[in-house]
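Just so it is clear: in the sequence shown, position 52 is 56 by my numbering, and no numbers are missing.
The C-beta atom is built at its ideal place from N, Cα and C for all residues, glycine as well.
One structure below.
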Amino acid sequence: MAQFIVRNLEEEVKVRLKRRAQRNGRSMEEEVRHILRDAAKEESPAPRKLGSWIAARFKKYGLTEDLPELKGEAVRPMRFDE
């Protein structure tokens, strides 16, 4: 097993790590191991946002007109009686 020393760790970080370990029922050392394991996992690509997913899904169908820009417009309740 590898070992290493972390120097110059701020006291506040140490205090927060200790609190986090207590919340999770682990020693501070085990909590740090847990954090490092999670950080070292293979990262998968960031999931696409909904708009990008929808655009990719319907890309082959194309659009015949521009879609209105909705940024900055007030939110309106949906009406089903029209």
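N-terminal and C-terminal residue of the alpha helix (DSSP H) that residue i is part of
i: D70; result: Looking at the DSSP string, D70 is not in any alpha helix (DSSP H), and its letter there is neither H nor E.
i: Q26; result: E15 to R27
i: A59; result: L54 to R61
Residues near residue i in its chain [Cβ-Cβ closer than 8 Å; skip 5 each side]
i: N28; result: E35 and H38
Nearest residue (CA-CA) to residue i, options the options
i: L71; options: D42, R23, A59 and P81; result: A59
i: Q7; options: A43, V17, E33 and G66; result: E33
i: R73; options: G55, I9 and A25; result: Rather than Arg, the amino acid found at residue 73 in this sequence is Glu. Nearest option by C-alpha distance: G55.
Assigned secondary structure, residue i (DSSP; H/G/I helix, E/B strand, else coil)
i: V36; result: helix
i: I9; result: coil
i: K45; result: coil
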